[in-house]
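**Student:** Supplied in structure tokens, the structure appears directly below.
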Amino acid sequence: MNCLCGSMRTVTEGSMLKHSARTTASFSMRIIHVYQNDWVKPVLTMINKANVKEERYVYTNSSALLTEKEARSCIVRMLMQPWFGGEPVPIDKLTRSLRVLSLSRKDRKTIGSLIEDYEIFGGQLVWKSEQLPELGKLVRTVLGITDKDIEKLRSANELEELAASRLKKMNRNKLQDICFVMTSVEEEDNDDI
């Protein structure tokens, strides 16, 4: 029989009775009952305490779990950093956020490489105006908003409310910037005119 608490020897009930006719309640501190499976009678076991320093256990949560709204908000803050400004989002939080979201492999890889760029450039991403449709698609993907969802909406306020329902604590100006980026479309070439 193995024990993590130190050396241990099994004492049969007969030898224990020879040694002392004490009741179970008056056994020394080093004797315990061990029941295994469906045994009717316990096996009495003597234990020698291990030589370890006892300390009070204190739980430390090294990485808090993120909700889906928090994860979306972190990724959107990273993508929209040029519009939002402020302190950069910590890289470990972005990585945890990416793990929380249900994204396609392609989108996960794209956002993962953007997180790497974000880290390399010290929390600053730069988007060219011709990249806004690509950014809009990424933001819609992170928020889980499809083109059909946008087509069903009747006003800009409804789009703002939809985006707000998918994010955690975004002010109105940030929501308007998000909606602007989400609805950006590629410009058509008018070379034929």
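The numbering of the sequence shown is our numbering, which starts it at -18 and goes up by one. Ideal placement from N, C-alpha and C gives every residue a C-beta, glycine not left out.
Spatial neighbours of Ile126 within its chain, please: CB distance less than 8 Å, with the 5 preceding and 5 following residues excluded, ordered by chain position.
**Tutor:** To locate residue 126, count along the sequence shown from 1; it is residue 145. So the qualifying residues of the chain are Leu143, Ala144, Arg147, Met163.
**Student:** Please determine if the region 74 to 83 and the region 95 to 106 are in contact, where contact requires at least 3 C-beta pairs separated by less than 8 Å.
**Tutor:** With the cut-off at 8 Å, the region 74 to 83 and the region 95 to 106 touch.
**Student:** Residue ranges of each alpha helix (DSSP H) run of no fewer than 4 residues wholly in the region 61 to 148, ordered along the chain?
**Tutor:** 62 to 65, 72 to 81, 86 to 101, 113 to 124, 128 to 133, 137 to 147, all fully within the region 61 to 148.
**Student:** Within its chain, find whatever has a CB closer than 6 Å to the CB of Pro69; leave out the 5 residues flanking it on each side and keep chain order.
**Tutor:** Within the sequence shown, the letter at position 88 stands for residue 69. Contacts found: Gly104.
**Student:** From Arg153, Val107, Ser85, Lys133, pick the residue whose C-alpha is nearest to that of Gln62; which is it?
**Tutor:** Position 81 of the sequence shown, counting from 1, holds the residue named residue 62. Comparing Cα positions, the closest option is Val107.
**Student:** Rank Thr41, Tyr40, Arg58, Arg37 by C-alpha distance to the C-alpha of Val123 and give the top, closest one.
**Tutor:** Within the sequence shown, the letter at position 142 stands for residue 123. Of the candidates Thr41, Tyr40, Arg58, Arg37, the one whose C-alpha sits nearest the C-alpha of Val123 is Arg58.
**Student:** Do you know whose CA, among Met27, Ile159, Val166, lies nearest Arg53's CA?
**Tutor:** On the sequence shown, residue 53 is found 72 positions in, with the first residue counted as 1. Nearest option by C-alpha distance: Ile159.
**Student:** Since I believe Ile56 is in contact with Ile28 (beta carbons under 8 Å), could you give me their beta-carbon distance rounded to a whole number of angstroms?
**Tutor:** On the sequence shown, residue 28 is found 47 positions in, with the first residue counted as 1. On the sequence shown, residue 56 is found 75 positions in, with the first residue counted as 1. In fact, because the Cβ distance is near 53 Å, the residues do not count as touching under 8 Å.
**Student:** Look at the alpha carbon of Val39 and the alpha carbon of Asp128, and state the distance between them as a whole number of angstroms.
**Tutor:** Along the sequence shown, one-based indexing puts residue 39 at 58. Along the sequence shown, one-based indexing puts residue 128 at 147. Val39 and Asp128: Cα-Cα distance of roughly 49 Å.
**Student:** For Gly117, count the other beta carbons within 10 Å of its own beta carbon; 16 or more makes it buried, fewer makes it exposed. Which is it?
**Tutor:** One-based indexing of the sequence shown puts residue 117 at position 136. It counts as buried.
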